[in-house]
Amino acid sequence: MAHIERTTGNVYYESHGAGEPLIMIRGLGSNADHWYAQVPDLSGHYRVITFDNRGIGRSSDSGEPFSIQDLAQDTVDLMDALAIERAHVLGVSLGGMIAQEIAIAYPQRVMGLILVATHCGGEHMVNAAEEVTEKIRRMVFEGSVAARAEAAEAFFAPRTMLERPQVVEEYAAVSTKYPPGTDILKRQWHAVSNHDTYDRLHRIAAATLVLTGAEDVLIPPANATRLSERIPRANLRVIAGGGHQILIEQPVACNEAILAFLRKVDASEP
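Structure below.
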């Protein structure tokens, strides 16, 4: 719908609905269009802001390496450009890492925090099995059609792939519209590899909902437990019937949990 101009590149964003602002941040390689299972429901209650991270989809970038903190600053700059002083912040996977950094560095800007299928990084994260990590590594560094197809096994629960292949097919169709190149995927991978908030999580002041899919093999649910134990005002919710793409696999359960949490936060606002 629109762009904001920055020295590191233009940022594409969309705004849906009205009400308190809800900034939503996607994960590795995905863009604003991948919120298709959330925007219709959530925008009926909130002003939902979605965007493409730098170098992804319709957002440009300088081609330089970046950190999770840099991506967090991109998000805050978008808030500034839209004159949003405070917002709810929702991040999934890489987006959840970005959301953590925002909540740590800018506690006054975050009303409620929602972390989905993500981890704290560093030595305290719970790693995926080596064969799962290898599938994602091949997707990032090889970028072949075969590698991308194989990576789906890391993103979706086995039952989803077996019994509801249309869910995987819809996600794949959205992904083909603005496919990320290997260069930006490598830079995102590098940023994720250096992510580590474990010793700073206690600085997150916002009420926090930590969501995870019970069958997430890419970022195992134990990571959500670790986050919820370290963040002072966090609540953990494990959603059955989905893997890393729990927001796509179980949108009704996820959206209901998100809305219930946000309403509770709104009710506690002065």
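Counting along the sequence shown from 1, when you hit position 117 you're at 108 in the numbering used here, and nothing is skipped either side.
Where is the CB? At the ideal position from N, CA and C, for every residue including glycine.
- With a cutoff of 8 Å on beta-carbon distance, glutamine 29 and phenylalanine 146 are scored as not near each other.
- Burial state of proline 149 is exposed, judged by a 10 Å Cβ sphere holding fewer than 16 other Cβ atoms.
- For alanine 225, same chain residues with a beta-carbon under 7 Å away, outside a window of 5 residues either side, are Thr199, Val201, Leu218 and Ser219 in chain order.
- In the three-state reduction of the DSSP assignment, glycine 8 falls in the coil class, being assigned neither a helical nor a strand state.
- Within the stretch 44 to 77, the runs of alpha helix (DSSP H) that reach at least 4 residues and sit entirely inside it are, in chain order, 59 to 72.
- Here alanine 142 is not near methionine 152, since their CB atoms are 8 Å or more apart.
- In the same chain as isoleucine 59, and ignoring 5 residues on each side of it, the C-beta atoms closer than 7 Å to its own belong to Met88, Ile89, Glu92, Ala182 and His186, in chain order.
- Distance from the CA of leucine 209 to the CA of cysteine 111, rounded to the nearest whole angstrom, comes to 14 Å.
- Minimum Cα-Cα distance from alanine 108 among the listed residues Gly18, Ala258, Tyr169 and Ala9 corresponds to Gly18.
- Taking 8 Å as the cut-off, the Cβ atoms of alanine 78 and methionine 116 do not count as close.
- In this structure, the straight-line span from the alpha carbon of proline 223 to that of arginine 194 is close to 8 Å.
- Burial is judged here by how many other beta carbons sit within 10 angstroms of a residue's own beta carbon; alanine 251 has fewer than 16 and is exposed.
- The distance from the Cβ of threonine 66 to that of isoleucine -5 is about 11 Å, inconsistent with a contact at the 8 Å cut-off.
- Where histidine 181 is concerned, the enclosing alpha helix (DSSP H) starts and stops at 173 to 184.
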